[in-house]
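Structure record follows, encoded as structure tokens.
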Amino acid sequence: MRQPEPCSPCRQLCRLNRAGVCIGCGRTAPEIRDWLSLDVQARWSVLRRASERRSKLDPRTDDA
């Protein structure tokens, strides 16, 4: 069975913190840049990593 196409995690809160992670979606600049050229499996992988990063962000400082 084929995996469904993931939606972009962009939240229109585009700002990279000092670690180079977007405070809105949790992706790095290369992940954001490459999103459209990634296959479905790679996009799901990016979403998992971005979710982990976002969960570690400190909302007071936007840094992990």
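Numbers -16 to 47, taken from my numbering, label the letters of the sequence shown in order.
Just so you know, even glycine gets a beta-carbon here, dropped at the ideal spot from N, CA and C.
DSSP puts residue i in a beta bridge; with which residues?
i, result
"residue 5", "-1"
Please state whether the Cβ-Cβ distance between residue i and residue j is less than 8 Å.
i, j, result
"residue 6", "residue 30", "no"
"residue 38", "residue 18", "no"
"residue 9", "residue 36", "yes"
When the Cα of residue i is compared with those of the options, which residue comes out closest?
i, options, result
"residue 33", "21, -7, 19 and -13", "-7"
"residue -13", "26, 14 and 38", "26"
"residue -2", "-11, 35 and 15", "15"
"residue 2", "-4, -5 and 12", "12"
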